[in-house]
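Order-wise, the sequence lines are chains P and R.
According to my numbering, the residues represented by the first sequence are 3 to 317, in order.
According to my numbering, the residues represented by the second sequence are 3 to 317, in order.
For each residue, glycine too, the CB sits at the ideal point set by N, CA and C.
Model, not experiment: these values are computed from the prediction.
What follows is a short report on a single structure.
Number of protein chains: 2
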Amino acid sequence: MAPAPVATGLGAWAAAPAGFEVLGTHGCFGGVQYFLQHESKEIGLPMRLAVFLPPSVALASSSTARVPAVVYLAGLTCTEETFTMKAGAQRVAAELGLALIMPDTSPRGAGVAGESERWDFGVGAGFYLDATEEPWARNWHMESYLMHELLPALTHPTQGLPIAGLGPQGAVGIMGHSMGGHGALVLAHRHPGAFRSLSAFAPIAAPTQCPWGQRALGGYLGNRPDAWALHDACELIRSRAAQGLPPLYPQGILVDQGLADKFLEAELHPHLLEAACEEAGQPLTLRRHEGYDHGYYFIASFVESHLRHHHRCMA
Amino acid sequence: MAPAPVATGLGAWAAAPAGFEVLGTHGCFGGVQYFLQHESKEIGLPMRLAVFLPPSVALASSSTARVPAVVYLAGLTCTEETFTMKAGAQRVAAELGLALIMPDTSPRGAGVAGESERWDFGVGAGFYLDATEEPWARNWHMESYLMHELLPALTHPTQGLPIAGLGPQGAVGIMGHSMGGHGALVLAHRHPGAFRSLSAFAPIAAPTQCPWGQRALGGYLGNRPDAWALHDACELIRSRAAQGLPPLYPQGILVDQGLADKFLEAELHPHLLEAACEEAGQPLTLRRHEGYDHGYYFIASFVESHLRHHHRCMA
Numbered sequence: 003m004a005p006a007p008v009a010t011g012l013g014a015w016a017a018a019p020a021g022f023e024v025l026g027t028h029g030c031f032g033g034v035q036y037f038l039q040h041e042s043k044e045i046g047l048p049m050r051l052a053v054f055l056p057p058s059v060a061l062a063s064s065s066t067a068r069v070p071a072v073v074y075l076a077g078l079t080c081t082e083e084t085f086t087m088k089a090g091a092q093r094v095a096a097e098l099g100l101a102l103i104m105p106d107t108s109p110r111g112a113g114v115a116g117e118s119e120r121w122d123f124g125v126g127a128g129f130y131l132d133a134t135e136e137p138w139a140r141n142w143h144m145e146s147y148l149m150h151e152l153l154p155a156l157t158h159p160t161q162g163l164p165i166a167g168l169g170p171q172g173a174v175g176i177m178g179h180s181m182g183g184h185g186a187l188v189l190a191h192r193h194p195g196a197f198r199s200l201s202a203f204a205p206i207a208a209p210t211q212c213p214w215g216q217r218a219l220g221g222y223l224g225n226r227p228d229a230w231a232l233h234d235a236c237e238l239i240r241s242r243a244a245q246g247l248p249p250l251y252p253q254g255i256l257v258d259q260g261l262a263d264k265f266l267e268a269e270l271h272p273h274l275l276e277a278a279c280e281e282a283g284q285p286l287t288l289r290r291h292e293g294y295d296h297g298y299y300f301i302a303s304f305v306e307s308h309l310r311h312h313h314r315c316m317a
Numbered sequence: 003m004a005p006a007p008v009a010t011g012l013g014a015w016a017a018a019p020a021g022f023e024v025l026g027t028h029g030c031f032g033g034v035q036y037f038l039q040h041e042s043k044e045i046g047l048p049m050r051l052a053v054f055l056p057p058s059v060a061l062a063s064s065s066t067a068r069v070p071a072v073v074y075l076a077g078l079t080c081t082e083e084t085f086t087m088k089a090g091a092q093r094v095a096a097e098l099g100l101a102l103i104m105p106d107t108s109p110r111g112a113g114v115a116g117e118s119e120r121w122d123f124g125v126g127a128g129f130y131l132d133a134t135e136e137p138w139a140r141n142w143h144m145e146s147y148l149m150h151e152l153l154p155a156l157t158h159p160t161q162g163l164p165i166a167g168l169g170p171q172g173a174v175g176i177m178g179h180s181m182g183g184h185g186a187l188v189l190a191h192r193h194p195g196a197f198r199s200l201s202a203f204a205p206i207a208a209p210t211q212c213p214w215g216q217r218a219l220g221g222y223l224g225n226r227p228d229a230w231a232l233h234d235a236c237e238l239i240r241s242r243a244a245q246g247l248p249p250l251y252p253q254g255i256l257v258d259q260g261l262a263d264k265f266l267e268a269e270l271h272p273h274l275l276e277a278a279c280e281e282a283g284q285p286l287t288l289r290r291h292e293g294y295d296h297g298y299y300f301i302a303s304f305v306e307s308h309l310r311h312h313h314r315c316m317a
């Protein structure tokens, strides 16, 4: 069936969230794909993001109707546009009535010396944490940016978009790819209850044990193993169990991994996530796929089942 | 339902077509997304393209089993990667058992003076015709390239891919966007019988009557109104009727047009296509969509119904 006409623009049912500038809007599967920008206090720079609002938003008869959302965290070198443009997720989100929130992957334009020397550190490589080491400590605050600034602003009950809030009474899930899969797994466990559902594509599952992760954790946090452990999904899942806490996602975490992924062996270590979840009693569906690589043709192939997983968990 | 595993690479059921180099392969919805390159005699330069082969290819038990295909011609500034990456077409093609063929939009690297001065002429703007004016006449041979070189090579019964041939006994459809919508409409009518089905997104429907078309036709063909008319879809459709020939697509041509498309009024003129088809008795389904623009969020929203149209026409 062909998508419905785009009934309304942003104006018809909501103002842009306070403090956000609309850079572009596109009719998409009966909903609207937005590109937004705002001045981030946490980052100290302008930050861009993309938001998809499904057609069900336009059907809401009152300004208090709000839709569930899934946050997607992208991988190294990506921007807010990558998943938005390449994954084909809006089709499924439109059908399920889910909003999609796509943040950028790091500060841009800070002018820190060396920020663009490597593709796996600095610009495009924020690792979704708050740096404590200089010269990164001023701007590289992606965790605080997401959890204390961006997501609260977008889901604000009166000044945000018509998106449900964070927390157990809200309806926001989180997923990500590679570095963003690390981000999703780690933020979900560092902020228990904030996200109702969790999934990842080819995540960096144990950053303390791979070159990408070690470089990032060392560069942003210094040589502090105690701090590193607080940003490693496997360590966080094990640590909850060691404290006698129940698993955070009793409905399960969904992870897809391609077996033709050239980063699988050295960087991703899904078997360590599998072991940690097993040890902690955290249900995990880890699907390994012959013939799929690390890119967006892989993500596009499986994004539908991820969004259905989030929708089911938030039902 | 999640896509099937990618059962095989190119090697398992077919060699790369003779003379083509495989630049990349990606598992995608149970099929394989290829990026290929070859030395084109018609263009006199290397040309790139993308081909998607659906999972049904792998199921073929004999080397003579061949799948239907749809050629997609892209618009100004695009490459073989644009639709491949942004449209989400592989999901539907995999389901329907269609191959997809995505050529580039012009010669690249010819080094003709002024070839990259404008985004709507020269590089990225081949208009799917054979230039007769200098300095374009040597390389800008996109029509002969597609019809006499690329498509015959890809569909060659023994040296090509396992794709059905051109012609009434074959199973190849054609579609395109903007300049590529012009290309699809015009090539289908200049080569009667070659393509079994035809559709377009926001085509340049009457290039003799809009600035993009006039610049291209004048630049590539010179000031020759007789030659221009042979590259204008409306003129070609009318001309068939004037000769007493029946419409080429009795099952209909499908065209989608967004009403928030900023090029609609000055460049696209779908109402002229509507009038020409009406006059010629050529069935046309022209759908106008509120809120959709000229970009790939529009194309992605409607690509499923285009592929289903081609599949139906080739059944």
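With a threshold of 8 Å between beta carbons, is residue i in contact with chain P?
i                 : result
Gly297 of chain R : yes
Ser303 of chain R : yes
Lys43 of chain R  : no
Gly162 of chain R : no
Alpha carbon to alpha carbon, what distance is there between residue j and residue i?
i                 : j                 : result
Gly111 of chain R : Lys43 of chain R  : 14 Å
Gly175 of chain P : Leu38 of chain P  : 20 Å
Ala190 of chain R : Glu306 of chain P : 35 Å
Phe22 of chain R  : Glu41 of chain R  : 8 Å
Leu25 of chain P  : Ala67 of chain R  : 49 Å
His143 of chain P : Trp230 of chain P : 15 Å
Thr157 of chain P : Ala52 of chain P  : 14 Å
Tyr251 of chain P : Leu102 of chain R : 40 Å
Gly283 of chain P : Gly126 of chain R : 55 Å
Glu82 of chain P  : Gln161 of chain P : 22 Å
Ser63 of chain P  : Ala302 of chain P : Reliability of the predicted coordinates at Ser63 of chain P is poor, the pLDDT of 44 falling under 50, and the value obtained from them is presented with this limitation in mind. Cα to Cα, Ser63 of chain P sits roughly 33 Å from Ala302 of chain P.
Thr287 of chain P : Gly99 of chain R  : 29 Å
Pro205 of chain R : Arg50 of chain P  : 32 Å
Leu168 of chain R : Ala71 of chain P  : 46 Å
Thr27 of chain P  : Glu269 of chain R : 22 Å
Gly29 of chain P  : Gly128 of chain P : 30 Å
Ala115 of chain P : Glu292 of chain P : 41 Å
Pro154 of chain P : Ala277 of chain R : 53 Å
Pro159 of chain P : Asn225 of chain P : 41 Å
Leu247 of chain R : Arg240 of chain R : 10 Å
Thr31 of chain P  : Ala95 of chain P  : Note on residue identity: the sequence assigns Phe, not Thr, to residue 31 of chain P. Taking the straight line from one Cα to the other gives about 9 Å.
Glu237 of chain P : Ala20 of chain P  : 37 Å
Ala196 of chain P : Thr84 of chain P  : 25 Å
Pro57 of chain R  : Leu309 of chain R : 16 Å
Would you mind giving the Cβ-Cβ distance between residue i and residue j, rounded to the nearest angstrom? I have them listed as a contact below 8 Å.
i                 : j                 : result
Ser201 of chain R : His311 of chain R : 6 Å
Leu152 of chain P : Pro105 of chain P : 6 Å
Trp214 of chain P : Asp295 of chain P : So it is not a contact: roughly 17 Å between Cβ atoms.
Tyr222 of chain R : Ala133 of chain R : 4 Å
Asp228 of chain R : Pro209 of chain R : Incorrect: roughly 15 Å between the Cβ atoms, too far for contact.
Tyr299 of chain R : Gln171 of chain P : Actually they are not in contact, since the Cβ atoms of Tyr299 of chain R and Gln171 of chain P sit about 32 Å apart, beyond 8 Å.
Leu131 of chain R : Glu145 of chain R : 5 Å
Arg140 of chain R : Ala173 of chain R : The pair is not a contact, with the Cβ atoms about 34 Å apart (cut-off 8 Å).
Lys264 of chain P : Lys88 of chain R  : Between Lys88 of chain R and Lys264 of chain P the Cβ distance is about 24 Å, and since that is not below 8 Å, they are no contact.
Show which residues of chain P have a CB atom less than 7 Å away from the CB atom of residue i.
i                 : result
Ala262 of chain R : Gly29
Report yes if the C-beta distance between residue i and residue j is below 8 Å; otherwise report no.
i                 : j                 : result
Leu275 of chain R : Ala207 of chain R : yes
Gln92 of chain P  : Gly33 of chain P  : yes
His193 of chain R : Met149 of chain R : yes
Gly90 of chain P  : Gly90 of chain R  : yes
Pro272 of chain R : Gln259 of chain R : yes
Ala166 of chain P : Val69 of chain P  : yes
Glu135 of chain P : Gly124 of chain P : no
Tyr147 of chain P : Ile45 of chain P  : yes
Pro109 of chain P : Leu187 of chain P : no
Run through chain R and tell me which residues come within less than 9 Å of residue i, C-beta to C-beta.
i                : result
Arg93 of chain P : Gly90, Arg93, Ala302, Ser303, Glu306
Is any beta-carbon of chain R found at less than 8 Å from that of residue i?
i                 : result
Met87 of chain P  : yes
Gly293 of chain P : yes
Ser63 of chain P  : Residue placement at Ser63 of chain P is poorly supported in this model, since its pLDDT is 44, which falls under 50; the coordinates are not used for a value here.
Would you mind telling me which residues of chain R sit closer than 7 Å to residue i, beta carbon to beta carbon, in chain order?
i                : result
Gln35 of chain P : Tyr299
Quick check: does the Cβ of residue i come within less than 7 Å of any heavy atom belonging to the ligand FMN?
i                : result
Gly33 of chain P : The model on display carries no ligand, and the ligand FMN is accordingly not part of it.
Using a Cβ cut-off of 8 Å (strictly closer), state whether residue i contacts chain A.
i                 : result
Gly169 of chain P : The displayed structure is made up of protein chains P and R, and chain A is not among them.
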